[in-house]
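K.L.:
Sending over a structure as structure tokens; questions will come in a sec.
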Amino acid sequence: MKTLSALTLLALISVSTSTLAAYTGPAEQNVVTVIQLKDVADDSWATVEGKLVKHLGGENYLFRDTSGEVEVEIDADVWRGQEVGPDDSVRLRGEVDHSWNKTELEVEQLEKVGATPQSKGGFISK
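First residue of the sequence shown: 1, per the working numbering; consecutive thereafter.
Below, the structure is given as structure tokens:
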């Protein structure tokens, strides 16, 4: 009986511990440049790294890397309390959207490179 109780307790502890675990290593990301986005299939996921240089209005921003510029759409909940200015490096992951005259990235994850999240959200214009 003691063995059964001990095994049950051990099973409960291992289940509880595994639900608290999380992967902290690097994720495989399809990092591309702005110029390469035009070759990424529509509705595919891509990651870009560079700077948000201008707020275009609403949820639209101008993103720039060393290869060029692209319009990105960032919903309010994606900011997660981060403040980002035009001099801050960011990593954006989202869905590529090709329309008949342009390519956009609908951002689902925004990470300020080399910084921790702050208490306020939004874009800081300088």
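Beta carbons are placed, not taken as given, at the ideal position from N, Cα and C, and that holds for glycine.
From this set, Glu106, Leu56, Asp65 and Val70, which residue's C-alpha is nearest Asp77's C-alpha?
P.N.:
Glu106
K.L.:
Identify every residue that forms a DSSP beta bridge with Gly114.
P.N.:
None; Gly114 has no bridge partner.
K.L.:
For Val48, report the span of its beta strand (DSSP E) as first-last.
P.N.:
Trp45 to Gly57
K.L.:
Can you have a look at Ala46 and say buried or exposed, based on whether 16 or more other CB atoms are within 10 angstroms of its CB?
P.N.:
buried
K.L.:
Along the beta strand (DSSP E) that carries Val72, what are the first and last residues, could you check?
P.N.:
Gly68 to Ile74
K.L.:
Hey, could you find the ends of the beta strand (DSSP E) Val96 is sitting in?
P.N.:
Ser89 to His98
K.L.:
Let me make sure I understand the geometry here. Which of Val32, Glu111 and Gln109 has the alpha-carbon closest to that of Glu69?
P.N.:
Val32
K.L.:
Starting from Leu62, follow its DSSP beta bridges and name the residues at the other end.
P.N.:
Lys54 and Glu71
K.L.:
Can you tell me where the alpha helix (DSSP H) with Gln36 in it begins and where it stops?
P.N.:
Val34 to Leu37
K.L.:
Under the DSSP definition of a beta bridge, which residues are partnered with Gln82?
P.N.:
DSSP lists no partner for Gln82.
K.L.:
Identify the residues that DSSP records as bridge partners of Val31: which are they?
P.N.:
Thr47
K.L.:
Please return the same chain residues whose Cβ sits closer than 7 Å to the Cβ of Lys112, not counting the five positions on each side in sequence.
P.N.:
Gln82, Val84, Asp88 and Val90
K.L.:
Identify every residue that forms a DSSP beta bridge with Glu104.
P.N.:
Answer is Glu71 and Asp97, bridged to Glu104.
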